[in-house]
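This report concerns only the one structure given below.
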Ligand SMILES: Nc1ncnc2c1ncn2[C@@H]1O[C@H](COP(=O)(O)OP(=O)(O)OP(=O)(O)O)[C@@H](O)[C@H]1O
Ligand SMILES: [Mg+2]
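Residue numbers (this note's numbering), protein chains in the order written: chain D, 1 to 431; chain G, 432 to 741; chain A, 742 to 1001.
And the structure:
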């Protein structure tokens, strides 16, 4: 009688197939995580229907739509609305480099006060955001570069720009012109030897392809000029008969006066004979400054400390003097003045001075002197945690994870302390 | 090769639904033998278990107990299916296909290669009279046309055994006759036909043997003449005197006498001659001797009302 | 094999005439065709992102619906209208029937994907000005995703009713799409105990993992560098085949026991 057969063989086959598929899944999973996984936890505030779409193939589409809307907010100046958008968009599509780059730029540059001074409290958020982007896109050069650029340009910290530029340069598909920035960062941070080496390497690279097309030959010319100029600069400034000697006595000084509540008048002197020097003035809660490093923040957030006051401005020096009225009364959100005491810092940092200034005093300040306020800064770049799946040589990985090269430069810096009462002109009249 | 086409031994099918508390024995201890070359009528009222038995024979469902053999092999053996064919009750086919396409489809299930396949399809279309409708989709077919397509798909493999479930259900009398002729033709070709039905008039004429099923149990089984044997003969006579009534009654007949007219309903068991002798001996005058055969309908009603099992 | 192919052919013929499936296909085609209209809306590289991601989304969604709607009723209707009786009374084994049905479903999906893929390629060709061949592997991955889903639905259809099957397979599809990211989130969170992690891990290994096939992101974001794309694709396709085979054997085992 043909009853229901037992089919023991088939049952064994099912078990075998179950094991085989589990093994395959076991092997696929790490690759999937590396290449395709959306890496952020879902942000709250996503409605259920959005979530449903999000799990389907529409993730990236939804991200693109939201990104278009975010763009509208950019144009209308509704910057606060952009931030949550960024969070949503990068969750839906963590591989959209534009969003990370533009988002970080937005946080770094777009929040300003009435006088176009940046709200620098947002910069650490920008860096944290970029760090997340790098974690999600470790094999792409773009965001390493953006991070380096942020240090180099916005924070004006060439020392810490170097490791990120190093990482970006590890990628063969990096845009050639962008590779120059590492040499500039080396130079500005005082690593003149590395700057020359890098220009030389770039020059040799360009030589190989120089006859390919107009662009390549142009690249070759640019690199050649840069290499020569850099060597010449070094020889002139730091060579056997340096133009930076004897040192210029800066005779640096600065004062601050509260002329109306929350309005400061800063003025001072910097004895640089040529034009193109700038003095940075910073007002901040006493004993507190901004740690820009992405490691300073535990997790990414869009919140800045609303009680923290931080103002930074840059004053041009003309005829060895500088002076400016700094009005902080119109932006109470940016300048809450909640701390009891404030420090006003005046800094002249030669690394970002104009070329003619640097020609006289050196980009590291060897050619300058000040009796009272001269400081010698010695620093190493902060260690950078390289993502696991970054395509980076072991040498570079070691170098950026454990920086050993110390750089030094000179600057002048004066700090003046003010109380809250003084700035708000509570009680007695200001100084 | 045995001459038994279908054999069931204590075949039982119990439906015990997941939620129903009372299991139904759709077929119960069924013992059947169908011989090769015969037309076997498988009869019973609705719900008797005919379709259930057929599904078991085809291996579409499995018996709860007992065994079933078809052409010497256990029921459901796929190799057997090259030699048998089946027409379900109220057949339904992929109705987007045309008549020709559906027959081609079934031919492919048998692995009949071209050009044999096309040849056979055309033959069959012709044989069931659907050549002209062959390129029409089945959804435009009438019930009779569908039944004919059903029969055609039954014949595609030139089977030894045909299992037809209610082949005439819902058809008009002319179609009945067509199908009956086809059945007879098939029998003449030496095929075995197993036909389930609750309609009797056509079947009684063609079946060699019938089984009657009721509530899953076999209640009658036999040659059609045997089952229908035991009809009666009506004898009418005139000018008969009273004294013949008692002797005739003793022969087992039903007797009535009014004004010298005698009506006897005598069992058809050879005693009719004796009744006639008695009437004649008493000076009676025979008007008519008319046999009344039992119909299958009578048998059907009788057995089912009696509810007894063989 | 002839019988399997005959059944597959009949299944295909029936499926592509099913009104609901045609409607889904036509809607999908129409939407893909008009998707280049999103281009100017985003502008530049955003336009590319938008059009390609939208197309992929539409195709995946349509594939999902087609697979579920087609396969839930495929075997149950055969039983309901008793067409299966005439088939199984022919020399057709039950496993051949299941196989034929599955191949019919795959054929239908393949046809639908082909249609949508061609329209998608044409639409993107005109919208972004280039013929982007990388779309094709993405489509193939989604095709395998839908095929695996079809196998899941077919498997359930051998023992549950169509209505239950809609929810069951829909749920499995969602879960199979989410489990991997869920596991990944859990693994990155040091506070999650092994007591939670291990069951999730086991589930990920057992349930069909649909997110393996969602590889559209690097196609949409062309800068992305993928490590071992060939190994990944090969293993994922092998995974799909092994998993489908397993489901088919299971379906055959269950279907073989089944009364109709
Ligand atoms: N799948 C099933 N589940 C439960 N009970 C069933 C099932 N199929 C049939 N039955 C029951 O089994 C009995 C026999 O049914 P079957 O279909 O064999 O009758 P039949 O003789 O073919 O009747 P008809 O002349 O109406 O076709 C009926 O009582 C029916 O209700
Ligand atoms: Mg019946």
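For every residue, glycine included, the Cβ atom is placed at its ideal position computed from N, Cα and C.
Might you give, ordered along the chain, the residues of its own chain that have their beta carbon closer than 8 Å to the beta carbon of residue i, omitting 5 neighbours on each side?
| i | result |
| --- | --- |
| residue 950 of chain A | 917, 920, 921, 980 |
| residue 516 of chain G | 584, 585, 586, 587, 588, 590, 592, 593, 594 |
| residue 44 of chain D | Bear in mind that a pLDDT of 48 at residue 44 of chain D, under 50, signals an unreliable position, so the number given afterwards is only what the model happens to contain. The answer is none, since no qualifying residue turns up. |
| residue 378 of chain G | No information on residue 378 of chain G is available, as it lies outside the stretch 432 to 741 that chain G covers here. |
Alpha carbon to alpha carbon, how far is residue i from residue j?
| i | j | result |
| --- | --- | --- |
| residue 705 of chain G | residue 719 of chain G | 15 Å |
| residue 400 of chain D | residue 990 of chain A | 54 Å |
| residue 374 of chain D | residue 413 of chain D | 7 Å |
| residue 209 of chain D | residue 289 of chain D | 47 Å |
| residue 232 of chain D | residue 192 of chain D | 11 Å |
| residue 855 of chain A | residue 89 of chain D | 31 Å |
| residue 650 of chain G | residue 987 of chain A | 48 Å |
| residue 532 of chain G | residue 748 of chain A | 13 Å |
| residue 292 of chain D | residue 156 of chain D | 11 Å |
| residue 107 of chain D | residue 308 of chain D | 17 Å |
| residue 849 of chain A | residue 931 of chain A | 46 Å |
| residue 194 of chain D | residue 127 of chain D | 25 Å |
| residue 869 of chain A | residue 79 of chain D | 30 Å |
| residue 440 of chain G | residue 19 of chain D | 44 Å |
| residue 519 of chain G | residue 675 of chain G | 57 Å |
| residue 419 of chain D | residue 342 of chain D | 6 Å |
| residue 812 of chain A | residue 839 of chain A | 11 Å |
| residue 433 of chain G | residue 22 of chain D | 53 Å |
| residue 111 of chain D | residue 858 of chain A | 45 Å |
Quick check on residue i: buried or exposed, where buried means 16 or more other Cβ atoms within 10 Å of its Cβ?
| i | result |
| --- | --- |
| residue 712 of chain G | exposed |
| residue 904 of chain A | exposed |
| residue 935 of chain A | exposed |
| residue 436 of chain G | buried |
| residue 570 of chain G | exposed |
| residue 167 of chain D | buried |
| residue 346 of chain D | buried |
| residue 189 of chain D | buried |
| residue 411 of chain D | buried |
| residue 146 of chain D | buried |
| residue 929 of chain A | exposed |
| residue 350 of chain D | buried |
Residues in its own chain within less than 6 Å of residue i by CB, not counting five upstream and five downstream?
| i | result |
| --- | --- |
| residue 621 of chain G | 468 |
| residue 967 of chain A | 959 |
| residue 535 of chain G | 552 |
| residue 507 of chain G | 490 |
| residue 581 of chain G | 518, 522 |
Within a Cβ cutoff of 7 Å, which residues of the same chain sit near residue i, ignoring the five residues on either side of it in sequence?
| i | result |
| --- | --- |
| residue 381 of chain D | 159, 160, 162, 163, 403 |
| residue 63 of chain D | 89, 92, 93, 96 |
Less than 8 Å between the CB atoms is what I'm expecting for residue i and residue j, so what's the real figure, rounded?
| i | j | result |
| --- | --- | --- |
| residue 509 of chain G | residue 834 of chain A | 5 Å |
| residue 890 of chain A | residue 805 of chain A | 6 Å |
| residue 662 of chain G | residue 579 of chain G | Contact doesn't hold; Cβ gap of about 36 Å is too wide. |
| residue 134 of chain D | residue 125 of chain D | About 15 Å separates the two Cβ atoms, so there is no contact after all. |
Is residue i near ligand 4, going by C-beta to nearest heavy atom under 7 Å?
| i | result |
| --- | --- |
| residue 444 of chain G | The ligand content of the structure shown is limited to ligand 1 and ligand 2, which means ligand 4 is not among them. |
May I ask you to list, following chain order, the residues of the stretch 829–854 of chain A that have a beta carbon less than 7 Å from some beta carbon of chain G? Cβ contacts with chain G: 829, 830, 831, 832, 833, 834.
Could you list the residues in the stretch 54–79 of chain D with a C-beta less than 9 Å from some C-beta on chain A, going in chain order? Taking 9 Å as the upper bound on Cβ-Cβ separation, chain A lies near residues 55, 56, 57, 58, 59, 60, 61, 62, 63, 64, 65, 67, 68, 71 of the stretch 54–79 of chain D.
Select from the stretch 809–828 of chain A all residues with a C-beta closer than 9 Å to any C-beta belonging to chain G, and list them in chain order. Contacts with chain G (Cβ-Cβ distance below 9 Å) from the stretch 809–828 of chain A involve 822, 823, 824, 825, 826, 827, 828, listed in chain order.
Contact list for the stretch 22–35 of chain D against chain A, Cβ threshold 8 Å: Shown in chain order are the members of the stretch 22–35 of chain D whose Cβ falls below 8 Å from a Cβ of chain A: 22, 24, 25, 26, 27, 28, 29, 31, 32, 33, 34, 35.
Residues of the stretch 746–759 of chain A in Cβ contact with chain G at a cutoff of 8 Å, in chain order, please. Listed by position along the chain: 746, 747, 748, 750, 751, 754, 755, 758.
Residues, ordered as in the chain, of the stretch 80–96 of chain D that lie near chain A by beta-carbon distance below 9 Å: Residues of the stretch 80–96 of chain D with a C-beta less than 9 Å from any C-beta of chain A: 93, 94, 95, 96, listed in chain order.
Closer than 7 Å, Cβ to any Cβ of chain D: which residues of the stretch 912–927 of chain A, in chain order? Within the stretch 912–927 of chain A, the residues whose Cβ lies closer than 7 Å to some Cβ of chain D are 915, 918, 919, 921, 922, 925, 926, listed in chain order.
Using a Cβ-Cβ cut-off of less than 8 Å, give me the residues of the stretch 535–548 of chain G that come near chain A, in sequence order. Per Cβ criterion, the list reads 536, 537, 539, 540, 541, 542.
Interface positions of the stretch 371–394 of chain D facing chain A (Cβ-Cβ less than 8 Å), listed along the chain: Using a CB distance below 8 Å, the part of the stretch 371–394 of chain D facing chain A consists of 389, 391, ordered along the chain.
Where the stretch 962–978 of chain A meets chain D: residues whose CB sits under 9 Å from a CB there: Those residues of the stretch 962–978 of chain A that come within reach of chain D (Cβ to Cβ, closer than 9 Å) are 962, 964, 965, 966, 967, 968, 969, 970, 972, 973, 976, 977.
Within 8 Å of chain A by C-beta, residues of the stretch 482–495 of chain G in sequence order: Residues 486, 489, 490, 491, 492, 493.
Positions along the stretch 114–146 of chain D whose CB lies within less than 8 Å of some CB in chain A: If you check each beta-carbon in the stretch 114–146 of chain D against every beta-carbon of chain A, the ones closer than 8 Å belong to 137, 139, 140, 142.
Give, in chain order, every residue of the stretch 661–689 of chain G whose Cβ lies closer than 8 Å to some Cβ of chain A. For chain A, none of the residues of the stretch 661–689 of chain G brings a beta carbon within less than 8 Å of one of its beta carbons.
When Cβ atoms are compared, which residues of the stretch 932–954 of chain A fall closer than 8 Å to chain D? For the stretch 932–954 of chain A, the beta-carbon criterion of a distance under 8 Å to any beta-carbon of chain D is satisfied by 945, 946, 947, 950, 952, 953.
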